[in-house]
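Its first residue numbered 22, the first sequence is counted upward by one per residue in this note's numbering. Glycine included, C-beta positions come from ideal geometry on N, C-alpha and C. Keep in mind the model is a prediction, meaning the values are calculated, not measured. Below: the structure, in structure tokens.
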Amino acid sequence: MKEHIQQLLEQTVTLLKENGHIPAEAAPRVQVDRTRDKSHGDLATNLAMMLAKPAKKNPRELAQLIIDTLPASELVSKVEIAGPGFINFFLDAGWLGKQIETIATDSRANVAAVAAPQTIVTDYSAPNVAKEMAVHHIRSTVIGDAVTRTLEFLGHKVIRANHIGDWGTQFGMLIAYLEKMENESASDMDLSDLEAFYREAKKHYDEDDAFAERARNYVVKLQGGDEYCRTMWKKLVDITMAQNQAIYDRLNVSLSNDDVMGESLYNALLPEVVADLTQQGLAVEDDGATVVFLDEYKGKDGNPMGVIIRKRDGGFLYTTTDIAAAKYRVDTFSADRILYFIDSRQAQHLQQAWLIARKAGYLPDTTTTEHCAFGMMLGKDGKPFKTRSGGTVKLADLLEEAHQRAIKLIGDKNPDLQAEELDTIATTVAMASVKYSDLSKNRTTDYVFDWDNMLTFEGNTAPYMLYAYSRIQSIFRKAGVNAADLNGSITLEHDKEEALAQKLVQLNDVVHGVAAKGAPHLMCTYLFELAGAFMSFYEACPINKDDVADDVKASRLRLCLATANTLKVGLGLLGINTLERM
RNA sequence: GCGCCCGUAGCUCAGUUGGAUAGAGCAGCUGCCUUCUAAGCAGCUGGUCGCAGGUUCGAAUCCUGCCGGGUGCGCCA
22 MKEHIQQLLE QTVTLLKENG HIPAEAAPRV QVDRTRDKSH GDLATNLAMM LAKPAKKNPR
82 ELAQLIIDTL PASELVSKVE IAGPGFINFF LDAGWLGKQI ETIATDSRAN VAAVAAPQTI
142 VTDYSAPNVA KEMAVHHIRS TVIGDAVTRT LEFLGHKVIR ANHIGDWGTQ FGMLIAYLEK
202 MENESASDMD LSDLEAFYRE AKKHYDEDDA FAERARNYVV KLQGGDEYCR TMWKKLVDIT
262 MAQNQAIYDR LNVSLSNDDV MGESLYNALL PEVVADLTQQ GLAVEDDGAT VVFLDEYKGK
322 DGNPMGVIIR KRDGGFLYTT TDIAAAKYRV DTFSADRILY FIDSRQAQHL QQAWLIARKA
382 GYLPDTTTTE HCAFGMMLGK DGKPFKTRSG GTVKLADLLE EAHQRAIKLI GDKNPDLQAE
442 ELDTIATTVA MASVKYSDLS KNRTTDYVFD WDNMLTFEGN TAPYMLYAYS RIQSIFRKAG
502 VNAADLNGSI TLEHDKEEAL AQKLVQLNDV VHGVAAKGAP HLMCTYLFEL AGAFMSFYEA
562 CPINKDDVAD DVKASRLRLC LATANTLKVG LGLLGINTLE RM
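Here you go:
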């Protein structure tokens, strides 16, 4: 919609240049904005004001010239000049109605796929092996998954990269402890409590010299590809990822085992990357380590900052892994974009790794790397979100608490609900609430986790959105119609009908916005406005009432259908399921 | 010392890569259920957009300098 108006204006600029009204060298960025005030139409552009100076014309005069030159369009019913030189566009109600008819029945809610699909790698979730997923993993996992779904929906080829922490010196200790456990109990060991496992392994490592010696030995053997160590290591990875998969499934996160591309995947590349960087003269020996000095960054002494890519003992660091990963993603997938959904604290580290990869020619100019950074998760007190005793909150525990709270929320309102159905509804509401409250905030800032704010029907929350959807389903049941069978044209006469329709046609712009910025909160803001527009429409425009004419009723039912479909598609892109009743 | 992020209503947050009178929700106050789910709707109250300059037709948004908070910076990841 915006794009269409933009194209019209670009054509206009070209025509005006040909006529000599605008200097040929002027290259304005044609901007079309949604208006805030109804009296300013539906869309507006400031083009005339931008071009006034180079064209040496009065902005309002130029605006008139633009309007006179503008090609005709079925979307636009009226164009006006306002204020200092704004051009206001009024969308045609007939066109709007037809759009809604398509939105009502199209499985994509009339969102077009992109003309030129890209190959995009999304790096998100990244839990650690031999540790349970903690609460802070939720941001990367949920935000990354929403953006991934959106990109895929638009027709891009998306490669999910779950960069799990499956490598490092701690694995010697873990293997040694796993071995000890297996020797002591005949059956396959139970790793249900990974935290305890890790803690015990560490304890043995610190207190038992023989154990520590064996652990160090296993690190070397594992890195050397020793089969026994490799098997033990794989066992740890599999057990961990099986537990994580249960969480992904519960959260409706689209990751699977096929998407695992852990740190270990890049091991073989590390020596050659270091050798290549050295050969290219980018890396040098310094105090026994291999270091890349970057003029772009200053160290504490004011000299170029040194980034270590190989330790004195020959070991590699995570910067080396990230350089190799970038290279791998370009070489293997020909990625056009690589999106990293990682904690904002790692910004500098990522910038440096990418800079090195660019200098080395691993990352061509045609591949963009984007840090979709997010802030920390804080408690209501503004401090990092922890358990009462100050420990890390396990993600599984958090989800279980959400479930219990949802049961109470729904059960209190619906005392007659069967336990089984209550449980099903509560599961959807709980997962939706936890995800939505995270997704709905601009990810760059810290996020205050507050149970009371997310599990409520008031405001920009998942329950409100799910309620709007189920309310529509209830209207269909009451009307005794199968939503899919509805047909007939849509007429927009009431203000609230038109306002709702105006919102419905914005989905396309919103989806593209989420994809471009990696910012799912744009979708949440939109859905909240849509649900609000629906609620107002619902209050003002009766449907299942005796005095409603048949054609009006049919039109409004289709408007409901378009709304339900849009909510379902939009929430689906966030990884949130809808409910037929609640 | 150097770098990055942030500062908008009492609280949680928006503000569309410079646009029209800075918006929601919560909290507080008013109305609206014999009427499609009141889990809702309509409205009121609440702002020196951290501070001070600058850029221009126009700044919460861009630039500079302060104040305040967070976070990172050579052998962990």
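Check                                                                                                                                                          : Outcome
Can you give me the Cβ contacts of Phe354 inside the same chain, cut-off strictly under 8 angstroms, excluding the 5 residues immediately before and after it? : Thr140, Val142, Ile180
Do you know how far the Cα of Val414 is from the Cα of Lys407?                                                                                                 : 6 angstroms
How far does the beta strand (DSSP E) with His392 in it extend, from its first residue to its last?                                                            : 389-392
One question on the structure: do Ser98 and Ala73 come within less than 8 angstroms of each other, judged by their Cβ atoms?                                   : no
For Lys574, report the span of its alpha helix (DSSP H) as first-last.                                                                                         : 571-594
Pop quiz: Lys221 and Tyr198 are said to be a contact at Cβ under 8 angstroms. What is the actual Cβ separation, rounded to whole angstroms?                    : Correcting the residue identity first, residue 221 is Glu in this sequence and not Lys. About 6 angstroms; that satisfies the 8 angstroms criterion.
Identify whether Lys99 lies in helix, strand or coil by the three-state DSSP scheme.                                                                           : strand
Three-state secondary structure (DSSP) at Lys456?                                                                                                              : helix
Can you tell me the Cα-Cα spacing of Arg81 and Gln523, whole angstroms?                                                                                        : 27 angstroms
What does the alpha-carbon distance come out to for the pair Ile196 and Asp187?                                                                                : 12 angstroms
DSSP three-state call for Phe111: helix, strand or coil?                                                                                                       : strand
Determine the direct distance from the alpha carbon of Glu422 to that of Val532, and round the result to whole angstroms.                                      : 32 angstroms
Enumerate, from N- to C-terminal direction, the unbroken alpha helix (DSSP H) stretches of 4 or more residues contained entirely within the stretch 478-509.   : 483-500
Counting C-beta neighbours from all protein chains within 10 Å, is the total for Gly412 16 or more, i.e. buried, or is it exposed?                             : exposed
Please name the residue in Leu600, Met603, Arg602, Leu594 whose C-alpha comes closest to that of Gly176.                                                       : Leu594
Kindly give me the distance between the Cβ atoms of Ala76 and Leu68, rounded to whole angstroms, as I take these residues to be in contact under 8 angstroms.  : In fact, because the Cβ distance is near 11 angstroms, the residues do not count as touching under 8 angstroms.
Straight-line CA distance for Thr255 to Ser161?                                                                                                                : Reading the sequence as shown, one finds Lys at residue 255 and not Thr. One C-alpha to the other measures close to 24 angstroms.
Tell me the rounded alpha-carbon separation between Asn481 and Leu548.                                                                                         : 9 angstroms
Are three or more beta carbon pairs between the stretch 389-396 and the stretch 360-376 nearer than 8 angstroms?                                               : yes
CB Asn131 to CB Asn529, shorter than 8 angstroms?                                                                                                              : yes
Nearest by alpha-carbon distance to Gly553: which of Leu543, Met486, Ala48 is it?                                                                              : Met486
Rounded to whole angstroms, how far is the Cβ of Asp343 from the Cβ of Leu371, which I believe are closer than 8 angstroms?                                    : 7 angstroms
Any chance you could list the alpha helix (DSSP H) runs of at least 4 consecutive residues sitting entirely within the stretch 154-222, in chain order?        : 158-174, 191-205
If I follow the unbroken beta strand (DSSP E) through Glu317, where does it start and stop?                                                                    : 310-319
So, with DSSP's three-state summary, where would you put Ile359?                                                                                               : strand
Cβ atoms of Leu86 and His42: under 8 angstroms apart, would you say?                                                                                           : yes
Under 8 angstroms, do Phe470 and Gly403 count as touching if we go by C-beta distance?                                                                         : no
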